Amino acid sequence: MSVRVIAYSTSANLGSGFDILSLAHTAFKDEIIIEENKEKNKIEIESNDRIPLQIEKNSAGLAAKMLLQDKGIDRGIKIKIKKGIPFGLGLGSSGASAAASVLGINELFDLKLSKNDLVKYAMLGEQASSGSPHPDNVAASIFGGIVSVSSVSPVRVVEIPVNLDFNILLIVPEGQKEGKTKKAREMLPNQISLSKYVNNSRYLSSFLLGIIKGDKELVRMGLNDDIVEVAREPLFPYYKKIKEIALKNDAVGSCVSGAGPSILILYDNDTNLDKIKKEAYDVCSSYDVKCNFIEAKL
Ligand code: HSE
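The sequence shown runs 1 to 298 under full-length UniProt numbering.
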């Protein structure tokens, strides 16, 4: 018996919601087929892409191992991963594979796990690629929509009611990078000032209230971050200029997608979309970066 699962790309953080907020989009998707392996306790991985196939280095493999071990399941599995989400670009690629892996195992062995439990195991899989079990990308891949991870122990994910109509534009630089999230996390400060903490909390509450109340101005004010995006700026030197272009052209807001270098723009009318793309393309080119534009929906 085998099961086939699809998991979508995600943009984590959404401004100041580092490791808390995330949004799933239709931009890219991974497809995973999981079947029983004749050999007990054996997890095998196959893929169409240049991703590591060792279990501990593969987010789908590690998530599967943690789940099977914890549930005392000794049956072996084969995980066939068809990557559609490019990796190392801040689009939740490793998270989607981990999410699809646990969703597939849940179905294959009829484990009846809750979505929160699935997030618990999928986030452990993230350790394989980023060195940290961050929950945000996997939470959005498993729940869909916009989510907030309110607790990790125990895992509690809250689906945010979205009362604002918007479309998504992703600006995706060419060139995939392995291990990029790990490096991006090492760039972060261990301590922050009280004033930065207060400002970021304002952004976070404005963003959430704006999405829930359907208030574009609040979302625009909230989609900011003075801590994580600032520390990682060398990874996406074009970001500030692109954000200026988006806001000048009436976009709802813009932020870095996950750990970058992709940029997320939310917009609610496409009158200026071509202008945004053209100007953003020129900005990327001025940094010797070739950017692609992907339109998507929540
Ligand atoms: N919250 C994570 C980070 C997301 O910013 O490191 C990684 O995609």
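Glycine included, every Cβ here is placed at the ideal spot set by N, Cα and C. Source: prediction; values computed, not measured.
### Query
Buried or exposed: which applies to residue 65, given that a residue is buried once 16 or more other Cβ atoms fall within 10 Å of its Cβ?
buried
### Task
Consult DSSP for residue 288 and reduce its assignment to one of helix, strand or coil.
coil
### Task
Could you pull the start and end residues of the beta strand (DSSP E) that residue 10 belongs to?
2-13
### Query
Between the Cα of residue 45 and the Cα atoms of 78, 236 and 227, which residue gives the shortest distance?
78
### Query
What residue from 268, 276 and 231 has the CA that sits closest to residue 216's CA?
268
### Query
In whole angstroms, what is the alpha-carbon distance linking residue 134 and residue 100?
16 Å
### Query
How many Å lie between residue 120 and residue 183 at the Cα?
23 Å
### Message
Runs of 4 residues minimum, wholly inside the stretch 18-106: which ones carry the alpha helix (DSSP H) assignment?
### Response
59-70
### Task
Report yes if the C-beta distance between residue 149 and residue 211 is below 8 Å; otherwise report no.
no
### Member of 159, 187, 107 and 42 whose CA lies at the smallest distance from the CA of residue 147
159
### Integer Cβ distance of residue 27 from residue 170, believed to fall under 8 Å
5 Å
### Query
So is residue 187 buried or exposed if we call it buried at 16+ other beta carbons inside 10 Å?
It is exposed - the Cβ of residue 187 has fewer than 16 other Cβ atoms within 10 Å.
### Task
Indicate the three-state DSSP secondary structure (helix, strand or coil) for residue 175 in the structure shown.
coil
### Message
Check whether the stretch 99-115 and the stretch 283-291 touch, using three or more Cβ-Cβ pairs below 8 Å as the test.
### Response
Touching, no.
### Selection from 175, 25 and 236 that minimises the alpha carbon distance to residue 263
236
### Query
What are the boundary residues of the beta strand (DSSP E) that includes residue 202?
Note, residue 202: premise wrong, no beta strand (DSSP E); alpha helix (DSSP H) at 194-213.
### Extent of the continuous alpha helix (DSSP H) to which residue 319 belongs
Residue numbering for the chain in the displayed model covers 1 to 298; residue 319 lies beyond these limits and cannot be assessed.
### Message
Given the structure, does residue 228 come close to the ligand NAD, in the sense that its CB is under 7 Å from one of the ligand's heavy atoms?
### Response
Questions concerning the ligand NAD fall outside what the structure shown contains, since the ligands it does hold are the ligand HSE.
### Message
I need the boundaries of the beta strand (DSSP E) containing residue 148, first residue and last residue.
### Response
146-152
### Task
Drop a sphere of 10 angstroms on the beta-carbon of residue 123, count the other beta-carbons inside from all chains shown, and report buried for 16 or more, exposed for fewer.
buried
### Task
Check whether the Cβ of residue 7 sits closer than 7 Å to any heavy atom of the ligand HSE, and report yes or no.
no
### Query
Considering only residues of the same chain and omitting the five flanking positions on each side of residue 173, which have a CB-CB separation below 6 Å?
261, 289 and 291
### Message
Following a CB-centred definition, is residue 137 positioned closer than 7 Å to any heavy atom of the ligand HSE?
### Response
yes
### Query
Nearest to residue 57 by CA position, among 81, 5, 93 and 126, is which residue?
126
### Query
Hey, out of 97, 168, 167 and 180, whose CA is closest to residue 142's CA?
97
### Message
Between residue 185 and the ligand HSE, is there a pair consisting of the residue's CB and a ligand heavy atom that are separated by less than 7 Å?
### Response
Yes, the Cβ of residue 185 comes within 7 Å of a heavy atom of the ligand HSE.
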